[in-house]
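Here the structure is laid out as structure tokens; the discussion comes afterwards.
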Amino acid sequence: MLVFNCTKAAAEFFSVTRKGEVLSCLKAAPHKTIAESVAARAFPADVDPQEHDGTQWHWVVHCVTVKRKKYLLVMDYDSRYCLTFLATKKGDEIDFLNMFEKMMVSNFTFLANKKGVDSVEVDLAIARYNDTFTTCAFYLRGDRSVQGHLNEVAWHLEQQCYDGMLLMPNEFIDFSVFMGKFPRNAKGRSSHFFANDVFIDTWLQDLDVEDSPVDTTNLVYLSDYRK
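Numbering (the numbering used here) for the sequence shown: 585 to 811.
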């Protein structure tokens, strides 16, 4: 399950008002912090968690405005790799998911090719991703550590845009890879790490798992828009 934890700015982006009613894809988070959700893993009442390895991939979504253009910053909670792209249609989570997956796969493919990974292994990793992650959920919840790294990305994005606005997919990939070269630290890590390395390892190693049942309450099914 993909879990999109949205900052207040992102929550505003995913909300629209129609006929006086506020519509949003965001639901109440099952736990106060992302760390608690990662540790707990929510399973249906009739499933024994000890018999399954539930797979959740947490991301933190932020929205910033640079020179009157809105950008979405979507950072992997674990690797701190940040996908950056122009904001999609306001309040449309399906449009967002479409762009998110295109950018995520493109970033992975670029990094894998740069690392010399065989194209067959790249295709297998993408297929494992599609099989493993079939649902997603949106929560209003942030993380102080991730927010610090998102603020750094936002600062560099603003500086970059003053030299020339980022508009094309290849420009966003180059920017994400550039930001992934900065050493990061996070609670629970014994030493600094680099987002590019952890992100690529997630695809090539951590995704080699079997899909497992999870709580399907308030989920968006990715098959509804994947082609």
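Virtual Cβ for every residue (Gly too), placed ideally from N, Cα, C.
All values derive from a computational prediction rather than experimental measurement.
Between L681 and C745, the C-beta gap is not smaller than 8 Å, which leaves the two residues out of contact. For K651, there is no enclosing alpha helix (DSSP H), as DSSP marks it with neither H nor E. The criterion of a C-beta distance shorter than 8 Å is not satisfied by F588 and T668. Per DSSP, Y665 lies in no alpha helix (DSSP H) and is assigned neither H nor E.
The Cβ atoms of L734 and Y655 do not sit closer than 8 Å to each other.
Only buried fits G764, as 16 or more other CB atoms lie within 10 angstroms of its CB. Sequence-distant partners of D679 (beyond 5 residues in either direction) whose C-beta falls short of 6 Å from its own C-beta, in its chain, are T672 and K673. Per DSSP, the beta bridge partners of V645 are C590 and V658. With contacts defined as CB atoms closer than 8 Å, Y665 and I618 fail to qualify as a contacting pair. Contact annotation, C590 with L724: C-beta distance approximately 6 Å; criterion of less than 8 Å satisfied. Judged by their CB atoms, S663 and F783 are nearer to each other than the 8 Å cut-off.
Across the structure, V650 and N697 are spaced so that their CA atoms are roughly 31 Å apart. Following the DSSP letters along the chain, one finds V782 inside the alpha helix (DSSP H) bounded by residues A779 to D785. Beta-bridge analysis with DSSP links Y723 to N589 and K611. A738 is a Cβ neighbour of L657, given a cutoff of 8 Å.
Residue pairing from DSSP places V600 in a beta bridge opposite L607. When the five nearest sequence neighbours on each side are left out, the beta carbons in the same chain lying within less than 6 Å of the beta carbon of L586 are those of W641, F717 and C720, in order along the chain.
In this structure K771 is not in contact with S703, their Cβ atoms being roughly 37 Å apart against a cut-off of 8 Å. In this structure S775 is exposed. Its beta-carbon is surrounded by fewer than 16 other beta-carbon atoms within 10 angstroms. If you draw a straight line from the Cα of N769 to the Cα of N780, it comes to about 13 Å. When secondary structure is reduced to three states using DSSP, L695 falls in the helix class.
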